[in-house]
Amino acid sequence: MEHWLLYSALSILVMSIFYVLTKKILNAGTDPILYSTTLQLSTGVLALIVALIWGFSFVFSPASIILLIIATIIYNIAPIIYYTGLQKVELSESIILESSGVFWAIMAGFILLHEAITPVKFAAALLIFIAILMISNIDFRKWHFSKYELMILASSIIYVLGAMVDKVLLPYSNPISYTAVSFLVAGLTMALIHFKHLYKLKRTKQINKGFILKLLTNAGFLVLNFTLIFSAYDSGGEASRVYAIVHLQVVIIALLGIIFLKERKHLGRKLLALVMAFIGIMMMGG
């Protein structure tokens, strides 16, 4: 097995656990901005500690700084939009909506990184598109996405742009160091922008020992996940193919949502959409 494929496969297992824990935190009423900011910061700090032990490396140049600014903007917008949507949408539905990102990854990889695109990938995109429509509020006469479903769809597009920037930035660093830099810069920027909002939440007692423990656990999963993904890029994996393979997690995560979070509404339609999304993602990654 090629190294980039192994790293991508391991990422699937890590993120499946992360998504379930995240949904539990948001279901408990945690503010999405608070969660986004503290998760970015804690992930960045943990990654920095590991990077300093293993060897920190990041080349700061005009080009890398411009790219880092672009990445910071992307990762200030996408998480808040995504977690706000996820708080109101079932995990087993949201993960299928997120699979649309695979289509956007193929298109962005072709346009921005000149990665190959084939008719098979277009056919796969059609399957994913149909799967997304199936889990929306559809009566087959009028398609309707809720505001929160649209947030998840929008965040998937923004995250794809982030993946493209990550791919270009990696030569300036190593995987763990880039994880530290990207998350810390994005987290600090987010904290400054939303300082007043976060300060007001101090009185709500959302930050407690239970929240901190769950936060640090998820931060650890994110450090491991992004180290694996960036290692996959670093090992020669195309950004679009890595993104597609990683999104095979849609199957595991949706099933975990159905089993452990008891998301049984429209179960038959979800399972059919899940199968179609799985086939589409497999075709994308092939």
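Residues 855 to 1140, numbered by the numbering used here, are exactly what the sequence shown covers, in order.
Note that beta-carbon positions come from the ideal geometry of N, C-alpha and C, so glycine has one too.
Just so it is clear, the structure is predicted and the values come from calculations on it, not from any experiment.
| query | Between which two residues does the alpha helix (DSSP H) carrying GLY1041 extend? | reply | 1029-1047
| said: Cutting at 6 Å between CB atoms, please list the residues of its own chain near SER1036, excluding the five before and the five after it. | reply: ALA925
| request: Report yes if the C-beta distance between VAL904 and VAL1077 is below 8 Å; otherwise report no. | output: yes
| Is ILE950 closer than 8 Å to ILE1106 when the C-beta atoms are compared? | no
| message | For ILE1001 and GLU947, I'd like the C-alpha separation in whole angstroms. | response | Note that residue 1001 corresponds to Lys in the displayed sequence, not to Ile. Roughly 14 Å between the two C-alpha positions.
| request: Starting from PHE912, follow its DSSP beta bridges and name the residues at the other end. | output: SER1027
| query | Comparing alpha-carbon positions, which option in GLU944, TYR1026, GLY909 lies nearest HIS1120? | reply | GLU944
| Environment of GLU1092 [buried if 16+ CB atoms lie within 10 Å] | buried
| request: Put HIS857 into one of helix, strand or coil per three-state DSSP. | output: helix
| request: Return the CA-CA distance between ALA1008 and PHE1080, expressed in angstroms with no decimal places. | output: 21 Å
| query | Mapping DSSP to helix, strand and coil, what is LEU867? | reply | helix
| task | Just confirm the distance between the C-beta atoms of GLY939 and GLY1041, as a whole number of angstroms; I'd bet it's less than 8 Å. | result | GLY939 to GLY1041, Cβ: 20 Å. No contact.
| field | Nearest residue (CA-CA) to VAL1026, options ALA863, PHE912, TYR1013 | value | Contrary to the premise, residue 1026 reads as Tyr rather than Val in this sequence. TYR1026 has its Cα closest to that of PHE912, out of ALA863, PHE912, TYR1013.
| Relative to the C-alpha of ASN1072, which residue among GLN894, TYR936, ALA1127 is closest? | GLN894
| query | According to the neighbour-count rule (16 or more other Cβ atoms, all chains shown, within 10 Å of its Cβ), is LEU1046 buried or exposed? | reply | exposed
| Near GLY1122, which residues of its chain fall below 6 Å by C-beta distance, leaving aside the five closest residues on each side in sequence? | none
| field | Pairwise C-alpha distance: GLU1117 and SER918 | value | 43 Å
| task | Using alpha carbons as the reference points, say which of TYR929, LEU1069, PHE964 lies closest to SER1010. | result | TYR929
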